[in-house]
Each structure stands twice: as C-alpha cells, then as structure tokens.
Amino acid sequence: MAGTFTFHVVSPEGNVLKEEIEFVILPGVNGELGILPNHAPLIAALDTGVIRYTIEGKKKNLAISGGFVEVSENKATVLADTAESGELIDLQRAQAAKERAEKRLAQRSPDIDIKRAEFALHRAIARINAADRKND
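Using my numbering, read the sequence shown as starting at 134 and increasing by one per residue.
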C-alpha cells in the first residue's frame, strides 16, 4: 500500500484541492469507492456525502454534493457540484440549514419544493459529517 497518487477536486468555483495522497474514500451513487495508488482506470458518479482522504498519515474530509470521479494513470480527479473542506465548514450554520430543511419537509405544504428540501437536507448532513470528522 506504499505510495501516493495525485488527488484533484474541482467545483464550479474552481480548484478545491490538489495534493499527493495515500488513500481516498468517495461517496459513490452505488456505495463507497476506495482508491489506492495505481488503481485501475475508473469513471463513476458520486453522490452527496463526505470524501475522506489521507495525506501524510492525517485524515481529512471534504463535503460534496454530487459529481463524478475519473481515475487514470495514478491520478484521481473529482468534478463536484459543490465541495467544501471539513476544516472550513461552519458547523452551527450547517446544523441550522439541516433544521430548516427538516422543518420544510415536515410541513409538506403545496408551496414547498420537496426535492429541493431533500437535497438541502442531504447536503447539510454531509457538511455536518465532514466537520465532525475533521479531528478523526
């Protein structure tokens, strides 16, 4: 398992991360994907969730809200709809967003966009999980 590979995360806002890492776990739409150095080529869709990776023995997290990953030639590139470092997440703000989404879903009134509220809830949960895990 020795070695590293290039891990690059890009969102519409620009480059989020580009580092040499040892290991990454990604939230695939059909379950988690683990990537190690010299992984076979792969393209997969990603779900809203937490990317967990190891750099110089330290565990780090990113919250994403969907996208794609391409693995090729000892490089993994994530094209994410949104991506935010666990270290930069405002936990109180994420918890407030979760509570707002839960309240909207509980109301179930005709003027509430249910899909949008569900997406907001999943994104808030991912952000909370990424922030909570930053000291793993």
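A virtual CB, placed ideally from N, CA and C, is assigned to each residue, including glycine.
Quantities reported herein were computed from a predicted structural model and do not represent experimental measurements.
Check: Whether G136 touches P160 by CB criterion (7 Å); Outcome: no
Check: C-beta atoms of L179 and V202 nearer than 7 Å; Outcome: yes
Check: Residue interval of the alpha helix (DSSP H) (run including A213); Outcome: Per DSSP, A213 belongs to no alpha helix (DSSP H); it is in the beta strand (DSSP E), 208 to 213.
Check: Close beta carbons around E153, own chain, < 8 Å, minus the five adjacent residues each side; Outcome: T137, F138, T139, F140, I188
Check: Entirely enclosed beta strand (DSSP E) segments - the stretch 158 to 195, minimum 3 residues; Outcome: 164 to 168, 175 to 188
Check: Which listed residue (P145, I184, N163, P243) has its alpha carbon closest to that of R260; Outcome: I184
Check: Exposed unless 16 or more other CB atoms sit within 10 angstroms - verdict on S198; Outcome: buried
Check: Bridge partners - G147, DSSP secondary structure assignment; Outcome: S144
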